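In our numbering, the protein residues as written are 19 to 88.
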């Protein structure tokens, strides 16, 4: 699975994946325990997050407060 994902990322311009597991929670657990570490070793999946919030991790600016008056 990791090999196929890497091929799609590197050779076909894929920018992400939507993964559906045939059964839960074991399918998700198997993916996290077996595939994610391989992707992390290859530098294809982050090992930690730089920011604290989703906004920070996506690199989005904080919206201006429309109620603030300078």
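Glycine included, C-beta positions come from ideal geometry on N, C-alpha and C. Since we're looking at a predicted model, the values are computed, not measured.
Residue interval of the alpha helix (DSSP H) (run including residue i)
| i | result |
| --- | --- |
| residue 57 | 54 to 59 |
| residue 87 | Segment: none, residue 87 is in no alpha helix (DSSP H) and carries neither H nor E. |
| residue 44 | 44 to 48 |
| residue 3 | There is simply no residue 3 to check, as the chain begins at 19 and stops at 88 in what is shown. |
| residue 73 | 72 to 76 |
Beta-carbon gap between residue i and residue j smaller than 7 Å
| i | j | result |
| --- | --- | --- |
| residue 46 | residue 35 | no |
| residue 20 | residue 56 | yes |
| residue 63 | residue 54 | yes |
| residue 75 | residue 85 | no |
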